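To convert, take the position in the sequence shown, counting from 1, and add 7; that gives my numbering. Even for Gly, the Cβ is constructed at its ideal location relative to N, Cα and C. From a predicted model like this one, the values you see are computed outputs, not experimental measurements. Working notes for the structure below.
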Amino acid sequence: MYVVCLGVFRLQIGVLVGEKQEIFPRDIGALSKVPYAEPTWLTEGYYTPYYKDYHRRFQVAFRKFVETVMLPDAQAREEDGKRPSQSVFDEMAKLNIIPMRLGPGKHLKGRVLMDGVVKPEE
C-alpha cells in the first residue's frame with residue numbers, strides 16, 4: 008500500500024493498492040531535489056561571493072531544528088489550536104536562536120550559537 012499524500016494524513020482521501028512507492032521523502036535537513044525548490048545559493052555547484060560555507064552550515068542546522076523540533080509541535084498545535092509548546096521555546100533558548108533574531112552585535116559575544124555551527128562574529 009502506498010500513501011499518496013505524504014505528511015498530511017488528515018487530508019488523505021485514499022491509497023493506491025498494489026503500487027510501489029517512487030517518491031521518497033528527503034532526509035531531515037537535506038535539500039530538495041525539485042528544481043527551483045531551494046534558493047539558488049544552496050544549489051550544488053553554484054558559487055556566490057556573498058554566501059560562505061558557514062551560511063550553508065547554519066542553513067542545514069536551522070533546517071534540522073525546524074524539521075525535528077518546530078514542525079512536529081506546529082502540526083500538533085494546528086490540531087488543538089493552542090500556543091506553541093514551552094519545549095520549543097526552551098530548545099530555541101538552548102541553541103541561542105532567540106538572541107540571534109536581533110542580528111549581529113555585542114549581545115552575541117561569548118554565546119555558543121546552534122551548538123557551535125556558527126560563531127557570533129560570522
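*Are isoleucine 35 and lysine 89 touching if we call contact CB-CB under 8 Å?*
Pairing isoleucine 35 with lysine 89 gives a Cβ-Cβ distance that is not under 8 Å.
*Between leucine 49 and leucine 38, which are expected to be in contact by the criterion C-beta below 8 Å, what is the C-beta distance as a whole number of angstroms?*
That belief holds up - the Cβ atoms of leucine 49 and leucine 38 are roughly 6 Å apart, short of 8 Å.
*Quick one, are the C-beta atoms of valine 125 and tyrosine 61 less than 8 Å apart?*
Against a cut-off of 8 Å, the Cβ pair of tyrosine 61 and valine 125 comes out as a contact.
*Compare the Cα-Cα distances from valine 95 to each of Asp87, Ile105, Gly123 and report the closest residue.*
With respect to the C-alpha of valine 95, the residue from Asp87, Ile105, Gly123 having the closest C-alpha is Ile105.
*Which residues share a DSSP beta bridge with leucine 38?*
Answer by DSSP bridge pairing: none, since leucine 38 is not bridged.
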